[in-house]
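Following the numbering used here, the numbering of the sequence shown begins with 12 at its first residue and continues without gaps. Built from N, CA and C at the ideal position, the CB exists for glycine as well. This structure is a prediction, so every number in the text was calculated from the model and none was measured. First the structure, in the form of C-alpha cells, and then the observations on it.
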Amino acid sequence: MFNWYRQVTPRERKTFWACFGGWSLDALEVQMFGLAIPALIAAFALTKGDAGLISGVTLITSALGGWVGGTLSDRYGRVRTLQWMILWFSFFTFLSAFVTGFSSLLIVKALQGFGIGGEWAAGAVLMAETINPKYRGKVMGTVQSAWAVGWGLAVGVFTLIYSFVPQDMAWRVMFLVGLLPSLLIIWVRRNVEEPDSFQRLQKDNAIPQSFFKSLAGIFRPELIRVTLLGGLLGLGAHGGYHAVMTWLPTFLKTERNLSVLNSGGYLAVIIVAFWCGCIASGFLIDRIGRRLNIVLFALCCVITVQCYVFLPLTNTQMLFLGFPLGFFAAGIPASLGALFNELYPADVRGAGVGFCYNFGRVLSSVFPFLVGHMSESMSLGSAIGIDAGIAYGVAVIAALCLPETRGRSLEAGPTASAAADAPSETARA
C-alpha cells in the first residue's frame with residue numbers, strides 16, 4: 012500500500028513530508044483547544060455556550076482562511092503561502108497562552124482558525140500538483156491521515172503536560188508549545204520547490220493580477236457548475252460528519268446510558284480508525300475512481316450510523332463499532348483533496364480547492380441544528396439517522412454529477428483545463 016513512496020522522486024518525498032507535517036500540526040493545534048476546554052471553562056467561568064461560540068467562530072474563520080489562503084497560493088505560490096499559514100496559526104496558538112478572558116480568547120482563536128484553513132488549501136494544491144498523477148489519490152489520502160497523527164500528538168502532549176504542571180497553568184504551557192510548529196518553515200524553505208505548473212504560470216505571466224479577480228475566478232462561466240457541485244459535495248461530506256459526531260455522544264449517554272465514550276480506549280479506537288480510513292480511501296480512489304469511492308464510503312457511513320442508532324449496544328460492542336464509524340467517516344474527506352484539485356485549472360486551483368472544501372464546513376452547521384429541532388417530535392436516534400442519510404445523500408448526488416477525474420494531469424495552463432467536464436484517458440480506461 013505504501014510502495015508508491017519508494018517509486019516517487021526525492022522532490023516528491025520532500026513535498027509529501029512538508030504537507031503531511033503541516034496538516035498534522037494543524038490537527039495538533041485544533042485538538043489542543045478541545046482538550047483544554049474544561050480548564051478554560053474553569054479559568055474564565057465560561058459557559059458551554061461560550062465554548063461552543065468559540066468553536067463555531069473558529070470554524071467560520073478557518074473556512075474563510077481556506078478560500079483566501081487558496082487564492083493567495085494562486086498569486087504568490089503554494090510553498091510561500093504554506094509557510095505563511097504555518098507561521099500564522101503557530102503564532103496565534105502561542106498567543107492563546109496569554110489570553111485573560113472570553114473576549115481575547117475568542118479573537119485569538121478566530122485568527123488561529125484563519126491560518127489553519129489556509130494551510131490545508133495551500134498544502135493540498137502543492138501536494139496534488141507535485142505528485143505523479145497515478146499516485147495522487149494514495150498520497151492525498153495519506154496526507155489527510157496526518158490529522159489522526161496530530162490528534163494523537165495532542166493527546167500525548169496534553170497528558171504529559173498535565174502530569175507535571177499544575178492544572179491552572181497547564182493549559183497555558185500547552186498553548187506555548189504551539190509555537191514549535193513554526194520551525195517546520197525552516198525545513199520547507201530549504202527543501203520544497205514550487206510545482207512545475209505554478210512555475211509555468213509565472214513564466215507565461217498567466218498569474219491573475221487582481222486578488223479579487225482570482226478569488227472570484229472559480230465562478231466564471233466555464234467553472235461555475237463545477238464550483239457549485241463541489242460546494243455541495245463539501246456540504247454533504249461535512250454535514251453528515253457533524254450531524255453524527257455532534258449528537259451521537261448525547262444519544263448514547265442519555266438514551267442508551269453508555270459510558271465508554273468517556274474512555275481513552277474509545278478515543279484511541281476512533282483515532283486509529285480515522286488513520287486507517289484515510290489510507291484505505293487513498294488506495295481505493297486510485298483503483299475505482301473518485302466518484303465511486305465517495306459513494307462507497309457515504310453508503311457505509313449511513314449503514315454504520317443506523318447500527319449505532321437502532322441496535323441495542325453494550326459498552327464493549329460500541330467500543331468495537333467505533334472503528335468502522337471512524338474508518339468510514341474518514342474516507343470522504345480523504346477523497347476530496349485529489350478530486351477538487353483535478354477539477355480546476357492551475358490559475359484558480361487554490362481558490363477552487365479552498366472554496367469547495369470549506370464552503371461545506373460553514374453550512375454543515377445546519378445539520379446538527381436540524382437534528383436538535385427534529386428530535387423534539389421524534390427520537391434523537393431517528394433524527395440523527397435521517398439527517399445523516401440526507402447529508403450523505405447530498406454528497407452522493409453531487410459526486411455523481413461531477414466528472415470522473417482519475418489520472419488527470421495538473422500540468423495544464425490556465426485555459427487548457429477549462430473544459431473540466433471531459434474525463435481523462437486514464438479515467439476512461
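By the beta-carbon neighbour count (other beta carbons within 10 angstroms, threshold 16), Arg86 is buried. In the structure shown, Ala132 adopts helical secondary structure according to DSSP, grouped into three states.
With a beta-carbon spacing of about 14 Å, Pro144 and Arg360 fall beyond the 8 Å limit used to define contacts. When Ile343, Ile127, Val203 are compared, the shortest CA-CA separation from Lys25 is found for Val203. In the structure shown, Ser66 adopts helical secondary structure according to DSSP, grouped into three states. The beta-carbon distance between Ala133 and Arg89, rounded to whole angstroms, is 6 Å. This is short enough to meet the 8 Å contact definition. Membership of Ile395 in the alpha helix (DSSP H) is indicated by the continuous run 391 to 412.
Membership of Asn202 in the alpha helix (DSSP H) is indicated by the continuous run 195 to 202.
Around Leu310, the same chain offers Tyr403, Val407 as residues with beta carbons nearer than 8 Å, after the five sequence neighbours per side are excluded. For Glu205, the secondary structure class from DSSP, reduced to helix, strand or coil, is coil.
Distance from the Cα of Ser221 is smallest, within the candidate group Trp15, Val79, Ala157, for Val79.
Separation of Ala248 and Leu51 (C-alpha to C-alpha, rounded to the nearest whole angstrom) is 30 Å. Phe113 carries a helical assignment under DSSP once its states are collapsed to helix, strand and coil.
In this structure, the CA atom of Ile282 is about 23 Å from the CA atom of Ala62. Phe378 sits buried, since 16 or more C-beta atoms from the chains shown fall within 10 Å of its C-beta.
Here Leu322 is exposed. Its C-beta has fewer than 16 other C-beta atoms within 10 Å.
Contact between the region 69 to 77 and the region 207 to 216 is absent: fewer than three C-beta pairs spanning the two stretches fall below 8 Å. Taking a contact as a CB-CB distance under 8 Å, the pair Ile127 and Ile196 does not count as one, their CB atoms being some 15 Å apart. Here Phe27 really is in contact with Met138; their C-beta atoms are around 7 Å apart, less than 8 Å.
Distances from the alpha-carbon of Phe103 to those of Thr69, Gly81, Thr82 put Thr69 closest. For Thr327, the number of other beta carbons within 10 angstroms of its own is below 16, and it is reported as exposed.
For Pro344, the enclosing alpha helix (DSSP H) covers residues 326 to 354.
Within the same chain, and ignoring the five residues on either side of Ala410 in sequence, the residues whose Cβ sits closer than 7 Å to its Cβ are Leu244, Arg302, Ile305, Val306. Judged by DSSP secondary structure, Asn304 falls within the alpha helix (DSSP H) whose first and last residues are 301 to 321.
In terms of Cα proximity to Thr111, the closest of Asn352, Trp182, Gly152 is Trp182. Taking 8 Å as the upper bound for CB-CB distance, Ile290 and Gly152 are in contact here, some 6 Å apart. Non-local C-beta neighbours of Leu190 in its own chain, meaning closer than 6 Å and more than five positions away in sequence, comprise Ser101, Phe105, ordered along the chain.
Looking only at Phe109, Leu117, Gln123, the smallest Cα-Cα distance to Trp95 is reached by Gln123. Contact annotation, Phe366 with Gly288: C-beta distance approximately 25 Å; criterion of less than 8 Å not satisfied.
The C-beta distance from Val168 to Met185 rounds to 6 Å, short enough to fall under 8 Å. When the beta-carbon positions are compared, Pro344 and Gln155 come within less than 8 Å of each other.
Annotation: Ala217 to Phe351 spans about 21 Å, alpha carbon to alpha carbon.
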